[in-house]
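For the sequence shown, the UniProt record's numbering assigns the number 1 to the initial residue and increments by one for each residue that follows.
For each residue, glycine too, the CB sits at the ideal point set by N, CA and C.
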Amino acid sequence: MKRLPRPYAKSGKTRLSIGKMLGISFGAILLIVLVLSFTSLSGINQLLSTTEDLVEANRDDLSIARLEADHLKWAQELSYLFTNASVKNVTVETDPTQCHMGRWLSSEDRVMLEQTYPQATEILEEIIPWHEALHRSAQEIDSIYTEGNPKRLGALIDLELRVLDVSAFVDQQLIAAHGGQRVEGLDKALWGKIEECAEKTNTQAGSGAGEGDATQKEIESTLTRWRYAVESVLSELNRGRIEVAEKKLEDPYREYSKKLHTTLRSEINREGEGLEASNLAAAIYSSQSIPALEELRGLLGRLREEISHHAVTDEKLLSEASSQRLLIIICVAVGIVASVAAAGFVILRTKRMVVNSSRSIARASSAVSSAAIQVQKGSESVADASSEQASTLEETAAAMEEISAQTVTNTEKTEQTGKFTAETIEAIEATNQSLSELTGKISDLFDSSKRIQNVVQTIDEIAFQTNLLALNASVEAARAGEAGSGFAVVAEEVRALAMRAAASAKETGQMIDDSVVRISESNECVQVCSESFEKVLRTSTEVRALVEEVVNCSGDQAEGIDQINHSLMLMDQTVQANASGAEESASAALEMTRLAKQLETQVQELQSFAGILDTPKLKDSAAGTTSQRRVPLLSEVKPTNRVVTELTSSLN
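Below, the structure is given as structure tokens:
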């Protein structure tokens, strides 16, 4: 038998085993994977850092917006002191260090904001004095505000005028009695008007002048005694007892009259001071509180613009994400090219070595080819089934991976979208309800302004009537001559007071008209805002319906997964058929073992190249018979069947 040539026998180069070459190539690929992982992780960390900056900027902007909303609500509550009759004193926080903004300005949040945005320091320094000025105006309003009651003031003035009319009548009757003229009795209608005015001073009394107030009781008691004294004097004059009437006129009539005038004048002055203090507090609110609030809002708006200008924008975040994606794609492409190059190097090197050895093996394989014909026939069916199995398995695995990823993504996004939609609907409903309440409050404020207009008109009419009475009194005093000169002075003062009251009522009416116009405009703005929120609510409801459709799509994907599982079961049946064909091939493989001896030399060289040393040689069987060693083809097929079964179970 001709000796087969030994490849590489005369080669002086150092040969590497397959294990070493595979180790070097896989080590290079692992290094490339590590570099790619590090690059991707660095890009993701940078993207996360940018996202955190954006979230922090949005959080700071929301905090500043809340501060602005708190002070708008603060100013609204302060305005209730002048627009809501149920509010008697200042209820807002007057200390600038104890409100929400004051605590924020002295907290660590402000320090962190200045460290993050150094340009905001100057704006914050400008905010502090305006914030203090806003609260200082509330302190001034609290210190000077006193509730005034214009209705009671008018009732007191009317009562004083009626008392003066009675006093003038008594003096006229006394003069008539001295002149021998007939003395007339006091008109009961005048007494009725006096009692009506006294009742108004009691029912219109506010804080400090109620049913149990000592001053009000003193007015009523003195008025009763004064009336008895007047009736007593007039009764004596009717009887012609002028001296007795003059004595009663001095005591107790003039004593009660003086006391009554003093008490009424004191109450009139007190009510007038209360109205003046209330008007002064309103002037402070309009001239100090409102401008300070507007300046504060402007500075807060500048601060939010500064934060928005220097913060990370959504466009920048998307740009960085695109850059990182491009970098990862480039790195992956480089890694794939490097891996393919390493694999190609190993393949070419192995191919070169194996070709040299296979040339010698080919000479011996011609003797084996005749025995391999039977193996080929049985193996063809196995190869076809295995090819079909591999193709089906590859397609099924790809489809399964894609559907699984889509199912997970759809589930997560659906849950998040449903949660966000529910929260959005709740927030919109709460906001819509608040707007409805605000509309009601503005309507109530509009009605209150209308009622105040009616009151001012009544005061103006009272002032006009008072002016006419003062003119009549002046005429009567002029007729009385020197005896009525003092009364003329009083009438002139009353006329001056009436003119001042008319002027004040006119000015107050103009201010209230302006307030009514602003309230009407505010009501229109609130209605427009409410309609916008209703549109947003309808849109959110439609989004929620879309989320339900996504859930239905997830059910369709689940049906696709069931179909894939059915395909895997068919593949399992194919593997069983392959196993049956492999058993037939095993019997034919026994014939091939008789010729394996001729390939022993070449196989030993290949095993040496693979790094396997001390390879045992095949033993000859007795009497020259063929080796009874069985080729384990069936045992190699069954583990493949088992692997496919396990894959099917895991997918299910």
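For residue i, the three-state DSSP class (helix, strand or coil)
i	result
residue 129	helix
residue 99	coil
residue 88	coil
residue 325	helix
residue 288	helix
residue 160	helix
residue 528	helix
residue 66	helix
residue 119	coil
residue 93	coil
residue 658	It is not possible to answer for residue 658, since the shown part of the chain is limited to 1 through 652.
residue 107	coil
Nearest-angstrom Cα separation, counted from residue j out to residue i
i	j	result
residue 504	residue 495	14 Å
residue 342	residue 401	28 Å
residue 30	residue 37	10 Å
residue 152	residue 498	15 Å
residue 83	residue 462	24 Å
residue 101	residue 67	6 Å
residue 123	residue 305	11 Å
residue 480	residue 473	10 Å
residue 432	residue 537	9 Å
residue 19	residue 405	37 Å
residue 170	residue 234	7 Å
residue 621	residue 560	Any reading at residue 621 needs caution, since the residue's pLDDT is 39, under 50, leaving its predicted position unreliable; the model's value is listed next. When rounded, the distance between both Cα atoms is 58 Å.
residue 347	residue 540	60 Å
residue 543	residue 335	43 Å
residue 27	residue 325	26 Å
residue 269	residue 86	24 Å
residue 514	residue 81	18 Å
residue 243	residue 449	57 Å
residue 44	residue 323	11 Å
residue 487	residue 493	10 Å
residue 194	residue 89	33 Å
Nearest neighbour of residue i, chosen from the options [CA to CA]
i	options	result
residue 229	181, 252 and 214	252
residue 391	567, 45 and 162	567
residue 56	245, 112, 473 and 476	112
residue 158	184, 489, 201 and 133	201
residue 553	423, 408 and 542	408
residue 227	127, 256 and 486	256
residue 126	117, 40, 303 and 183	303
residue 426	533, 245 and 63	533
residue 290	63, 134 and 118	134
residue 172	344, 105, 265 and 476	476
residue 95	269, 449, 300 and 131	131
residue 248	174, 344 and 514	174
residue 530	129, 309, 428 and 165	428
residue 24	345, 63 and 139	345
residue 179	240, 232 and 110	240
residue 185	115, 231 and 349	231
Contacts around residue i, its chain only, beta-carbon distance under 7 Å, and the 5 residues preceding and following it disregarded
i	result
residue 550	410 and 414
residue 222	256, 259, 260 and 263
residue 459	150, 154, 501 and 505
residue 167	257
residue 464	502
Close Cβ partners of residue i (< 8 Å) along its chain, the five nearest in sequence each way excluded
i	result
residue 446	516, 519, 520 and 523
residue 79	285
residue 564	396, 399, 400, 403 and 651
residue 526	435, 438, 439 and 442
Range covered by the alpha helix (DSSP H) that runs through residue i
i	result
residue 183	It is not in any alpha helix (DSSP H) - residue 183 carries neither H nor E in the DSSP assignment.
residue 214	214 to 238
residue 245	242 to 248
Contact set for residue i: own chain, Cβ-Cβ below 6 Å, skip 5 residues either direction
i	result
residue 99	93
residue 467	495 and 498
residue 424	540
residue 237	173, 177, 183 and 245
Near the ligand FMN: residue i beta-carbon under 7 Å from a heavy atom
i	result
residue 264	The ligand FMN is not among the ligands present in this structure, which contains no ligands whatsoever.
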